[in-house]
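Visitor: One structure follows; several queries about it will come next.
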Amino acid sequence: MNPNLSDWDDDLPPEPEEAYQDLLRALKRKSGFGLFFVQCTPVEADKFIVKLPQEIPQKKIEVLRLVEAIDNLYQPVAEFVKEKQIDILLIKGLEYSLYKYEKRSFGEITEGQFSNLTSVPHILNHLNQQRERFRDDFHISFVFLLRSFSINYFIHRAPDFFDWRSGVFELPTTPEVVEQESTRLLDEADYEKYLKLSPEQKIEKILEIQDLLAEKHQSESRKANLLLELGDLLTTAKESEAAIAFYDQALKLQLDNHQVWHRRGLGFGSLERYEEEIASYDKAIEIKPDYHLVWHHRGIALKDLGKWKEALASWEKAIEIKPNAGSLNWQGNALDNLGQSEEAVICYDQAIALNYNHPHAWYNKGIALRKLGRNEEAIASYDQALKIKSDDYEAWNGKGNALFNLGRFEEANASYNQALKIKPDYHEAWYYQGAALIKLGRWREGNNSISKAIEINPDFINALLNMQKKHIISWFKQKLGLQKLVRILISFLRLIRLRR
1302 MNPNLSDWDD
1312 DLPPEPEEAY
1322 QDLLRALKRK
1332 SGFGLFFVQC
1342 TPVEADKFIV
1352 KLPQEIPQKK
1362 IEVLRLVEAI
1372 DNLYQPVAEF
1382 VKEKQIDILL
1392 IKGLEYSLYK
1402 YEKRSFGEIT
1412 EGQFSNLTSV
1422 PHILNHLNQQ
1432 RERFRDDFHI
1442 SFVFLLRSFS
1452 INYFIHRAPD
1462 FFDWRSGVFE
1472 LPTTPEVVEQ
1482 ESTRLLDEAD
1492 YEKYLKLSPE
1502 QKIEKILEIQ
1512 DLLAEKHQSE
1522 SRKANLLLEL
1532 GDLLTTAKES
1542 EAAIAFYDQA
1552 LKLQLDNHQV
1562 WHRRGLGFGS
1572 LERYEEEIAS
1582 YDKAIEIKPD
1592 YHLVWHHRGI
1602 ALKDLGKWKE
1612 ALASWEKAIE
1622 IKPNAGSLNW
1632 QGNALDNLGQ
1642 SEEAVICYDQ
1652 AIALNYNHPH
1662 AWYNKGIALR
1672 KLGRNEEAIA
1682 SYDQALKIKS
1692 DDYEAWNGKG
1702 NALFNLGRFE
1712 EANASYNQAL
1722 KIKPDYHEAW
1732 YYQGAALIKL
1742 GRWREGNNSI
1752 SKAIEINPDF
1762 INALLNMQKK
1772 HIISWFKQKL
1782 GLQKLVRILI
1792 SFLRLIRLRR
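This is the structure we're talking about:
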């Protein structure tokens, strides 16, 4: 038997314009209770709210706008419709009640996984349980203006309520609306602002971008930029694997986008995959060699691999392109780690000249000055760091060490106490406090502090002993010379063998 080819598309969803006309006809015909679900963006919803009374002037239409999460829809509706004649009630903003209870990872959200939800938002439980009250008490056509994400929520987690639907419709989206909404989102894009968003706000923003990415009127260049922003949002939510996947999608559309390569590198960095991080930065540099931020972050990745000399070269390049306090501070760290503390101090001073309130530059300058034996200057640097950031426990500890070196043990102890008030499990402060107390003759307290340091970090003492061994060898080398030191060690080893 041959299939009837004339009705092959009967099961396909109608075109958006056709769906809109179907919605108008359904609302005109419907009297009394009804549930209509309309998929649309917030902009489309606002346009629909203005247009609908003009399309159906014979119906009394009102709008209930929800601006925050709620657990109970019945009560707000009852209060809103009281002493009003309403045929159609448009409800906008129910999404806020869903974001609040979203417990999945952001990566799962972007994959649209609804079947494995572990909890049901209270608002949907309420609608499932109260559907008869809505039907019996309100002879109104309810029109829920929702994103596709929210409709999926109703389908999977409020099936009892959703089963009474009079229809599901998708409003048409014009190319102008897609461009307007995409431009707005991209103009608002700001990584620092993303960091300050609540989880609910991040979910809302992620879903808004996903809706726009799915639009058929979306241009490839805008799509690549939206994918970049989606990756950034996921990065701020500590979903680096999912973020990298979206950066990769963006690169399929725009392989020469240096910003995407840069952000992709940052994603790998957060996963401690430093080789892949550097490879991404190198691609960004190929495309835009004068992008100072990539050189800066490349330096940090090389530092994480212990490659201080190569890291130093990257920071020098970043500074050559654009002198900035951040790269100068890291350049100082590299020089200090390479045993060039005098040069490091110069770098920290340059960083401070560009940004006087850079606490890390003041703190790191204190470390370098202490290594150079310039303890009074080190204390002044630590004090400046603490003026900017009074809860910097490392600066309090560093100041304590400089005071200790000057024999000012009471003041050193007070600094260690400040560090421990801020971070009670800071083993280094406990150890050095113990040393200061012993110097003051307070043996029992000193031993207690050192015991506390060992309790917090048992490996700390071994590391300290190894460091002391290096210092002792270095001292003998300075006093005796390398050749004489080697001869003494060989003689010492021979003596041990003879004794055996």
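Taking my numbering, the leading residue of the sequence shown gets 1302, the next gets one more, and so forth.
Don't be surprised by glycine CBs; every beta carbon is placed ideally from N, CA and C.
With a threshold of 7 Å on Cβ separation, who are the neighbours of Lys-1361 within its own chain once the five nearest residues in sequence on each side are excluded?
Guide: Taken in chain order, the residues that qualify are Gln-1386, Ile-1387 and Asp-1388.
Visitor: Per DSSP, Gly-1333 is paired with what?
Guide: According to DSSP, Gly-1333 bridges with nothing at all.
Visitor: Helix, strand or coil for Gln-1651, going by three-state DSSP, please let me know.
Guide: Helix at Gln-1651.
Visitor: In its own chain, which residues sit with a C-beta less than 6 Å from the C-beta of Ala-1612, not counting the 5 before and 5 after it?
Guide: Same-chain partners within the cutoff: Gly-1600, Leu-1603, Lys-1604 and Ala-1635.
Visitor: Just mark Gln-1430 as buried or exposed, buried being the case when its beta carbon has 16 or more other beta carbons within 10 Å.
Guide: Gln-1430 is exposed by the Cβ-count criterion.
Visitor: Classify Trp-1663 as buried or exposed, calling it buried when 16 or more other Cβ atoms lie within 10 Å of its own Cβ.
Guide: Answer is buried; the Cβ neighbour count reaches 16.
Visitor: Does the distance from the CB of Leu-1670 to the CB of Val-1646 come in under 9 Å?
Guide: Yes.
Visitor: Straight-line CA distance for Ile-1392 to Tyr-1727?
Guide: Cα to Cα, the separation comes out at about 54 Å.
Visitor: Taking only runs of the alpha helix (DSSP H) that begin and end inside the stretch 1330 to 1403, which ones reach a length of at least 4 residues, in chain order?
Guide: DSSP runs (the alpha helix (DSSP H)) wholly in the stretch 1330 to 1403: 1343 to 1356, 1375 to 1382 and 1397 to 1400.
Visitor: Taking the beta strand (DSSP E) that Glu-1471 belongs to, which residues open and close that run?
Guide: 1466 to 1471 is the extent of the beta strand (DSSP E) around Glu-1471.
Visitor: Where Leu-1514 and Ile-1504 are concerned, what is the direct C-alpha to C-alpha distance, given to the nearest angstrom?
Guide: Answer to the nearest angstrom: the Cα atoms are 15 Å apart.
Visitor: Express the C-alpha separation of Leu-1353 and Asn-1373 in angstroms, rounding to a whole number.
Guide: Using only the alpha carbons, I get a separation of about 27 Å.
Visitor: Considering just the uninterrupted stretch of the beta strand (DSSP E) at Val-1444, what are its terminal residues?
Guide: Taken as a continuous stretch (DSSP letters only), the beta strand (DSSP E) holding Val-1444 covers 1442 to 1447.
Visitor: From which residue to which residue does the alpha helix (DSSP H) around Gln-1502 run?
Guide: Note, Gln-1502: alpha helix (DSSP H), 1500 to 1514.
Visitor: What separation, rounded to the nearest whole angstrom, lies between the Cα atoms of Arg-1434 and Leu-1336?
Guide: In a straight line, the C-alpha of Arg-1434 is about 13 Å away from that of Leu-1336.
Visitor: In whole angstroms, give me the CA-to-CA distance for Leu-1572 and Ile-1723.
Guide: Going by the C-alpha atoms only, they are around 28 Å apart.
Visitor: Which residue from Leu-1556, His-1659 and Leu-1594 puts its Cα closest to that of Lys-1690?
Guide: The shortest Cα separation from Lys-1690 among Leu-1556, His-1659 and Leu-1594 belongs to His-1659.
Visitor: Secondary structure at Thr-1484, three-state DSSP: helix, strand or coil?
Guide: The answer is helix: DSSP assigns Thr-1484 an H, G or I state.
Visitor: Buried or exposed: which applies to Arg-1485, given that a residue is buried once 16 or more other Cβ atoms fall within 10 Å of its Cβ?
Guide: Exposed, because fewer than 16 other Cβ atoms sit within 10 Å of the Cβ of Arg-1485.
Visitor: Pop quiz: Arg-1436 and Phe-1462 are said to be a contact at Cβ under 8 Å. What is the actual Cβ separation, rounded to whole angstroms?
Guide: Arg-1436 to Phe-1462, Cβ: 10 Å. No contact.
Visitor: Where Ile-1622 and Tyr-1495 are concerned, what is the direct C-alpha to C-alpha distance, given to the nearest angstrom?
Guide: Their Cα atoms are separated by approximately 28 Å.
Visitor: Within 10 angstroms of its Cβ, does Leu-1556 collect 16 or more other Cβ (buried), or is it exposed?
Guide: So Leu-1556 ends up on the exposed side.
Visitor: What is the rounded straight-line gap between the Cα of Ser-1307 and the Cα of Arg-1326?
Guide: Caution applies to Ser-1307, whose pLDDT of 35 falls short of 50 and renders its modelled position unreliable; the value that the coordinates give is listed next. Each residue's Cα considered, the two are about 25 Å apart.
Visitor: Is Phe-1443 closer than 9 Å to Phe-1349 when the C-beta atoms are compared?
Guide: Not closer than 9 Å, so no.
Visitor: Using the Cα positions of Glu-1643 and Gly-1627, report the straight-line distance between them to the nearest angstrom.
Guide: Those two C-alpha atoms are separated by around 19 Å.
Visitor: Closest to His-1427 by CA distance: which of Ala-1459, Glu-1369 and Phe-1445 is it?
Guide: Here the closest residue by C-alpha is Ala-1459.
Visitor: In the DSSP assignment, the alpha helix (DSSP H) including Glu-1695 goes from what residue to what residue?
Guide: Start and end: 1694 to 1706.
Visitor: Return the Cβ separation of Ser-1483 and Leu-1527 in integer angstroms, given the expectation that the two are a contact with Cβ distance under 8 Å.
Guide: 6 Å between Cβ atoms; contact.
Visitor: Helix, strand or coil for Val-1646 per DSSP?
Guide: Residue state, collapsed to three classes: helix.
Visitor: Give the DSSP-derived three-state secondary structure of Leu-1606 in the structure shown.
Guide: Coil, per DSSP.
Visitor: Put Phe-1569 into one of helix, strand or coil per three-state DSSP.
Guide: The answer is helix: DSSP assigns Phe-1569 an H, G or I state.
Visitor: In whole angstroms, what is the alpha-carbon distance linking Trp-1596 and Asp-1583?
Guide: Roughly 9 Å separates the two Cα atoms.
Visitor: Quick check: the stretch 1550 to 1567 against the stretch 1522 to 1539, are at least 3 beta-carbon pairs closer than 8 Å?
Guide: At 8 Å Cβ cutoff, the stretches touch.
Visitor: Taking C-beta to C-beta, are Asp-1512 and Arg-1466 nearer than 9 Å?
Guide: The answer is no: Cβ separation not under 9 Å.
Visitor: Whole angstroms is fine: what's the gap from Asp-1488's alpha carbon to Glu-1530's?
Guide: Looking at the two C-alpha atoms, the distance is approximately 11 Å.
Visitor: Beta-carbon separation of Leu-1472 and Val-1339 under 9 Å?
Guide: Yes, Cβ-Cβ distance for Leu-1472 and Val-1339 is below 9 Å.
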